[in-house]
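Written out below as structure tokens is the structure these notes cover.
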Ligand code: SF4
Ligand code: SF4
Ligand code: SF4
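Chains as they are written, first to last, in my numbering: chain A, 4 to 165; chain B, 6 to 212; chain C, 2 to 407; chain D, 1268 to 1366; chain E, 14 to 355; chain F, -12 to 162; chain G, 296 to 457; chain H, 46 to 165.
The following block contains the structure:
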């Protein structure tokens, strides 16, 4: 049990120095840090883009997207065109109590209707409220950040998402 | 001669007639050995070939899962062929045990498989060769029901003692998947000619 | 008074130690395990204690059933499975992209590193290869997750031997690394950034510069840990010659990674295994320590953290430009075949044995996780040590419950 | 305060101690009873020391306490030894076993 | 008592003193716990520590904890020995309280200026071992039992260095009365220079270090916190205690920490005395001076506490028996020889 | 029993007292030191990472024994093998006690919703006060949940009915 | 002197009851704890008799050390904790004998000392004690050290298993 | 009543005050705390498992330490009166004390050599 001092004293020095350096704390409820733009906080739905094609719901590993829709006839976009049949969403729910935040749904959506938003403040005292319906999901859409530019050396992207 | 071929020759020579078949799978040597020489193979691997490191022991059930694809059009559950086929180096029946051993010095390694009986799966234990085999064999017993003769205490490893069944057997159902309705089922009919139509069709074909 | 009269239980270094654990001591415990409610009738003066499933020393949910004589452990039986989630079964019910996103929860500290071997195995079966830039980014992220994992260890180990402060430093400095991972992948923990054939996305603008800064912080942090923990005499007194794993025995138990290197086995899959990622193009050192005790494990991990930071810097310098995805069909089907890929993960050797029958999902995935084997040596290691050393040994082995139980 | 207060208290304690020594089978308890008796003696000594205004009594008590400590140390060691041999701290049993 | 208590009878004086001390003990513990434990520790770990409770830098934390524990259910496990279980924390608290009795905070401001002051304080502090053993044994819990045995083993092992470290001071002061020790330091001189009196920390530096190490161990603080080692024994002998009874242990712990800090300040740093301050101003400044010194000592204790890992039980005992006690004995002999020779 | 049930605290006079009692409970949430899975590391980060430092808001991660805890955060996957232990530990906590379910696993089973060994939601065995979504939730999300819980505590009546409701601690038995 | 008398009687009663507890309780640990009360009571009596130093020695050694030794001894021998019969069959005769002894002693004492008073004018100064020890009782003092050494060695020999 | 008794009355008052405080706190606590007896609540804590009953045996080592402690405690008791009176007692007392200390240190050395101070 040969105690030579340097290790013990040096340790004291480190803690003392840290004490004088001040804290690095971000006082969360009072001040907030913005998470990185890519952060997967919550999924936002841009309802106009969704065709209720069900791809996201099918690809979801957790089976936590519930979609119901119906078809409706719409007048043609261009003059003289055929009348279009569109799928309208009746229900688009994501169960955040079950979602594993994998992003598969966002990726598979061919119509750019789903986006990641970095928001995270939606804890609930009631588990049923974690099932966000399409209005709630639509609200998240306002929080979706702009796409960041890519690092040098990246190949140009063919299909830019929002 | 590539490294793999050298290794293959070395290993097959050392193991002699214990080897039934050998194959190469993505750069990895796979051997199928006779069940009764399962233990002596381990001894040879460790003592002669210098494979001092046990990577894992596990089992495999080649039966196609009867439960997969239960729901019509469920693309969330991957499709699998319906007839029984076997992987590298083949198999005689439904169950196989397989293990991977390695050498930390020569940096070689290979996979050993052995067929076990389907009705009463039995196999020799490797605990006396690789002490680390203890837990792996318990796991394999728990998951597949393969009994390792000579294992000191085959008891549940992961699951509570009252758990019944062998979860990794293909016929062990995942109840939650059967109980919960798949949300991917839809009554929205695809519109002719639209992009989504083709995709859904694609999916349907795959399923 | 039985136990006190019996000869002292052989310790690890005593001549009558057997490499194979003898199971004579176990029956009492087995009975207990079979039915937890049975009161084990104590016929000796020993005391049986449950450490866990809730116990601060067991990192969550490991349970150790320990038989004690005074303060000395006569026998210990780890009970695992409290975190068993049935991964190998679940993978059979998921498509390849779904499996990729699931498996990063095996070893949750270094999730990114978990994805790599699986994606690699699938790529091997499909006979495609990710473009070089993707390989470099993968390597960088793997090393970052290694750094994050080890920083946690470096602090946590201090905590387990009683020093509160290092844990805070570990968390503090790890936070920077997590920020990097998050800004690149979108997830602090579970990136799900690997795709079969490449990566989901390229790096965001400014990431490389930021990473260089963070690596400086990491290197400084290593110095702090060296002074505060490693150099502390009390820490040394607590860890030296505690929990020795002889290299050969460790290998036969399947102990891998830093734990094995700390026992003097010079084996690192990044250098010695089948080449993967950008490692063959990197210049790095593999550290070994001859002692094999807890101190050696701490030392090795400290050095490896440093080395990883240097590797990341190298990768940033060499980062090629170009695409990040190979050409892959939108719906991934993997041709029938078998593939075994092992990688050097922070906790040790992680391997996936993927059997495909040509569907959209794997037919069988055998997950060889490092901690499972690392922990399986515990019954041997814990025999004859003191209770306080149990904590040190558990901490220095550094396992993640998810990686044990899967 | 009357001297006899203390003396009688000491006497009572002493006799309780004697009862304990006679009745108890457990070695540790017997030792405790002995401590009771010693304490009674000490109380006597102090009372007399105060009565006679002589410090010798107190010094004696110091020595007695010392000796009591030593006695308990050795006594318990003997009981431990008994326990190790007969797996019980029971004095009677030990006696029987000894034959 | 010369100034204030001319007319007031001693009984009132006593009641007054008791009241003051009764307020000071929790208050002192509060300030110590708050200022040093939380803030200092937090900043050493480069964070802030409590901020929200009470609004301003979390001053409410300790009060809140206290009131919270008041509202917690009081659980006595079914296998526990109810009476012993219930009474164990009380013993610890009483032992803590009694230590404060002899600590002087001014020339006359002391509750009981006992002739055997130091000896009394140390004897009383040793009572808590019983409380600890009672708690551990009665909980019918293995962690508690092991924790209690460790705690007791440790407390008794470090009781000795503590006692022996004080002997040097007693020798120099020639009295065991704390008031006497303070005045010996105040009126002493260092090689004839009496500017700052003679705080015994200079002549008894070894004694001071021994005392601090031993006190650290008596308080079960890192590096000697084996008995309550969270990562092994969960919470040691306190495992089964809930609600207010647990708070008693807590109070005991911090109270004892304060008491030992005060004792160290009194024995080695001159207590309430400030060079050049006498009479009434000393009476008024005394508590403050003592408090500042006490905080200095406590800072040292907590600084070490939050920097070092803990020792193993055997190493801990070895340090006490093979290291501290021989040194303490040598210190005594050397001091005695010097004192007798010169 | 006691004052709380006697109805005395419901009188307006007792308002400040109720407030004080609630306030102290709110800022003295001793949190049980226990993590389950990945989420536990984020919980650890919320507590021990100086960047988040949950101790600021009165969450003290001190007790390792349930006897001294007020709050248990179920942070991660709960397996069927683990569930009885969790239940046991919860039972061993003295009232009043609070539960936060952190992460998808604890909420609903999360990624392992179809596994044979995972309990699908901790609310089958414990009454949960706040559910935190995420996999894993960011440390900030956990802090937000704690703040939410603290608001609940501040508004808790400590009169008969509220108390009984809150402190009942009866399990919600979902078969 | 009234206060002292009141104190005496309170303490005396507590002592006697606890002493009875020591010899009657069926739980060994309880016996040790009762013993603590008796010892503390004795210390209090010493203080009443102005033997300050001895009183605190009693606390330090008896309560702080000897009882701890007892408790360790109890825990080591795992003495029965329940209502096991800790007594032998001689309860009745022992009871009678000790009662008789108390009676005799009381009678003797009353006879011998009658109403002689203890008058305390000043507490015993520790310095006086020390001069007496080191002047008059130096030989017993040295003998004590030898005794302690012998006890220590003996106990170690006995307690060690080898 | 002399100063001596007053001092000790103060000590007694303190002890009683501490007791009173404890009692008061428990009493107040009783008023505001809930009481919900559930049988499971009273099961001993053993890290979440069902407790294995059975009383543990402590280690003989502790006993030997306690023994050493008692011996040295006694020594300290004799050192204190000597220490306050050092000068008056003079050289002869110093020598006898040194002898006393040395004799006891012999015990420590014996224990040390016997390996009592070493664990295992
Ligand atoms: S969100 Fe996208 S993928 Fe999902 S239904 Fe709408 S369009 Fe289809
Ligand atoms: S993120 Fe993943 S789990 Fe969540 S809804 Fe989308 S696909 Fe499902
Ligand atoms: S919710 Fe997600 S992060 Fe949390 S434990 Fe479950 S898998 Fe891990």
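Cβ coordinates follow ideal geometry from the N, Cα and C atoms, glycine included.
Bear in mind the structure is a predicted one, so any value in this text is a computation, not a measurement.
- Between the alpha carbons of residue 361/C and residue 97/C lies a gap of roughly 6 angstroms.
- Taking residue 138/E as reference, the option from 334/G, 388/G, 354/G and 361/G with the minimal CA-CA separation is 354/G.
- Considering only 244/C, 173/C and 392/C, the residue with the shortest C-alpha distance to residue 322/E is 392/C.
- In the structure shown, the three-state DSSP call for residue 174/C is helix.
- In the DSSP secondary-structure assignment, residue 195/C is bridged to 200/C.
- Taking all protein chains in view, the Cβ of residue 90/C is crowded by 16 or more other Cβ atoms within 10 Å, so the residue is classified as buried.
- Annotation: the continuous beta strand (DSSP E) that includes residue 103/B extends over 100 to 107.
- Here residue 386/C is buried, its C-beta having at least 16 other C-beta atoms within 10 Å.
- By the Cβ-count criterion, residue 53/B is exposed, with fewer than 16 other Cβ atoms from all chains shown falling within 10 Å of its own Cβ.
- When Cβ-Cβ separations below 8 angstroms define contact, residue 347/G makes contact with chain E.
- For residue 369/C, at least one C-beta of chain B is nearer than 8 angstroms to its own C-beta.
- Uninterrupted alpha helix (DSSP H) stretches at least 4 residues long and entirely within the region 244 to 271 of chain C occur at 248 to 254 and 259 to 262, given in chain order.
- Taking a C-beta distance under 8 angstroms as the contact criterion, residue 149/B and residue 106/B do not qualify as a contact pair.
- Apart from sequence neighbours up to five positions away, the residues of its chain that approach residue 130/F with a beta-carbon distance below 8 angstroms are 33, 39, 41 and 44, ordered along the chain.
- Distances taken from the Cβ of residue 247/C to the heavy atoms of ligand 3 include none shorter than 7 angstroms.
- Rounded to whole angstroms, residue 277/C and residue 235/C show a C-alpha spacing of 41 angstroms.
- In this model, residue 266/C and residue 113/B are separated by some 15 angstroms (Cα to Cα).
- Not a single CB atom of chain G sits nearer than 8 angstroms to the CB of residue 105/E.
- Proximity of the beta carbon of residue 104/A to ligand 2 is indicated: a heavy atom of the ligand is located closer than 7 angstroms.
- For the region 351 to 368 of chain G, residues whose beta-carbon sits nearer than 8 angstroms to a beta-carbon of chain H comprise 352, 355, 356, 359, 360, 361, 363, 364, 367 and 368.
- Rounded to the nearest angstrom, the Cβ distance from residue 30/F to residue 89/F is 6 angstroms, consistent with a contact under 8 angstroms.
- Residue 118/H carries a helical assignment under DSSP once its states are collapsed to helix, strand and coil.
- Around the C-beta of residue 215/E, fewer than 16 other C-beta atoms lie within 10 Å, and the residue is accordingly described as exposed.
- Separation of the CB atoms of residue 90/E and residue 261/E is rounded to 17 angstroms, and the pair is thereby denied contact status at 8 angstroms.
- Counting along the chain, residue 327/E sits inside the alpha helix (DSSP H) bounded by residues 326 to 331.
- Here residue 1333/D carries a helix assignment [DSSP, helix/strand/coil].
- If you check the CB distance, residue 257/C and residue 349/C come in under 8 angstroms.
- Using a CB distance cut-off of 8 angstroms, residue 78/E counts as an interface residue toward chain F.
- In the same chain as residue 45/A, and ignoring 5 residues on each side of it, the C-beta atoms closer than 6 angstroms to its own belong to 120, 122 and 143, in chain order.
- Counted as a single uninterrupted DSSP element, the beta strand (DSSP E) harbouring residue 153/B occupies residues 152 to 154.
- Shown in chain order are the members of the region 140 to 171 of chain E whose Cβ falls below 7 angstroms from a Cβ of chain C: 155.
- The continuous stretches of alpha helix (DSSP H) do not include residue 294/C, and DSSP gives it neither H nor E.
- By the rule that beta-carbons nearer than 8 angstroms mark a contact, residue 435/G does not touch chain H.
- For residue 238/C, the enclosing alpha helix (DSSP H) has its first and last residue at 234 to 240.
- Under the three-state reduction of DSSP output, residue 84/F falls in the coil class, being neither helix nor strand.
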